[in-house]
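J.: All letters in the sequence shown, in the order written, are residues 63 to 216 by the working numbering.
We treat Cβ as the ideally placed atom computed from N, Cα and C, and that holds for glycine.
Since this is a predicted model, take the numbers as computed values, not measurements.
Handing you a structure now.
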Amino acid sequence: MTLPAFLDFDSADVPGELSPADAAYIRAVDHESVNRIDFGGGASWWASPHEQSKQRARDPQFPLWLRVRYAAEGWSNRIGHAEMSKGQLAGILGYEDRYCRATVVAVSRAIRQAIGKGLLDPSSGPSCLVMPYADHQQAGRGTRFCREHRIVRA
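Structure representation (structure tokens):
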């Protein structure tokens with residue numbers, strides 16, 4: 063593996079004089095200034111791609127209450143809210159008839175179970191799944207508002 067010049071300590075480059083390629087590399091890996099995620103106390107953390115959580119939300123091998131949590135992870139915005147249109151969550155969970163009473167009851171029960179297990183915030187419902195604040199921080203792109211809960215953050 064070839065190191066960029068600024069990491070090659072045997073390089074004759076003067077510190078502070080970076081090539082455009084080296085400067086781009088620093089910006090790409092500078093997690094401290096670009097994507098600071100801190101859960102406090104120096105706690106370790108992990109991250110997963112939204113797409114992986116979306117796939118798991120659709121996977122019938124998992125119980126519904128866990129799939130609801132995966133849906134919250136997969137569709138969450140930067141403030142931990144996953145807004146859903148009417149019937150969207152039922153569709154994600156694989157229900158063909160998204161609006162029948164049995165579907166509504168099953169989806170509502172799964173949300174209540176996820177809340178009871180501490181996997182979702184108690185303000186969650188079928189139109190907006192809310193990640194517990196202590197479980198969610200997101201850097202990068204995404205909205206910072208929730209129409210359902212009337213939240214707007216700058």
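Which partner residues of Gly187 appear in the DSSP bridge assignment?
T.: Numbered from its first residue, the sequence shown carries residue 187 at position 125. Answer is Cys190.
J.: What did DSSP end up calling Ile177 once you bin it into helix, strand or coil?
T.: Walking along the sequence shown from the start, residue 177 turns up at place 115. Residue state, collapsed to three classes: helix.
J.: What would DSSP say about Glu135, mapped onto helix, strand or coil?
T.: Translated into positions along the sequence shown, residue 135 becomes position 73. Reduced to three states, the DSSP call for Glu135 is helix.
J.: Should Glu113 go down as buried or exposed, given a rule of 16 or more other Cβ atoms within 10 Å for buried?
T.: In the sequence shown, residue 113 corresponds to position 51, counting from 1. With fewer than 16 Cβ atoms within 10 Å of its Cβ, Glu113 is classed as exposed.
J.: Under three-state DSSP, which class holds His93?
T.: Taking the sequence shown and counting its residues from 1, one reaches residue 93 at position 31. No answer about His93 holds up, because its pLDDT of 40 lies below 50 and its placement is not dependable.
J.: If I'm right that Arg120 touches Leu181 with Cβ under 8 angstroms, what's the distance once you round it to whole angstroms?
T.: As a first step, residue 120 must be located in the sequence shown, where it is residue number 58. As a first step, residue 181 must be located in the sequence shown, where it is residue number 119. Rounded, the Cβ-Cβ distance is 17 angstroms, inconsistent with contact.
J.: Quick check on the DSSP output: the alpha helix (DSSP H) that includes His112 runs from which residue to which?
T.: Position 50 of the sequence shown, counted from the first residue, corresponds to residue 112. Unbroken alpha helix (DSSP H) run through His112: His112 to Ala119.
J.: Taking DSSP's pairing of strands, which residues face Glu145 in a bridge?
T.: The residue you call residue 145 lines up with position 83 of the sequence shown. Note: Glu145 sits in a beta bridge opposite Cys190.
J.: Below 8 angstroms on the Cβ atoms is my contact criterion, and I expect Gly142 with Val214 to pass it. Report the Cβ-Cβ distance as a whole number of Å.
T.: By 1-based counting over the sequence shown, the position of residue 142 is 80. By 1-based counting over the sequence shown, the position of residue 214 is 152. Wrong, their Cβ atoms sit about 14 angstroms apart, outside the cutoff.
J.: Assuming Pro188 contacts Ile173 (C-beta within less than 8 angstroms), just tell me the rounded distance between them.
T.: One-based indexing of the sequence shown puts residue 188 at position 126. One-based indexing of the sequence shown puts residue 173 at position 111. Going by Cβ atoms, the distance from Pro188 to Ile173 rounds to 7 angstroms, so yes, they are a contact pair.
J.: With DSSP as the reference, identify every bridge partner of Ile213, one or two as the case may be.
T.: Taking the sequence shown and counting its residues from 1, the one referred to as residue 213 is at position 151. Paired residues: Cys208.
J.: Would you mind sorting Arg209 into buried or exposed? The rule is 16 or more other CB atoms within 10 Å of its CB.
T.: By one-based count along the sequence shown, residue 209 stands at place 147. Arg209 should be labelled exposed.
J.: Taking 8 angstroms as the cut-off, decide whether the C-beta atoms of Ala164 and Leu126 are in contact.
T.: As a working note, residue 164 is residue 102 in the sequence shown. As a working note, residue 126 is residue 64 in the sequence shown. No, these two residues do not count as a Cβ contact at 8 angstroms.
J.: Go ahead and pull the three-state DSSP assignment for Tyr195.
T.: Taking the first residue of the sequence shown as position 1, residue 195 is located at position 133. Looking at Tyr195 - three-state DSSP - the assignment turns out to be helix.
J.: Let's test the definition: count the other Cβ atoms within 10 Å of the Cβ of Asp159 and tell me whether it reaches 16, buried, or not, exposed.
T.: Counted from its first residue, the sequence shown places residue 159 at position 97. Asp159 should be labelled exposed.
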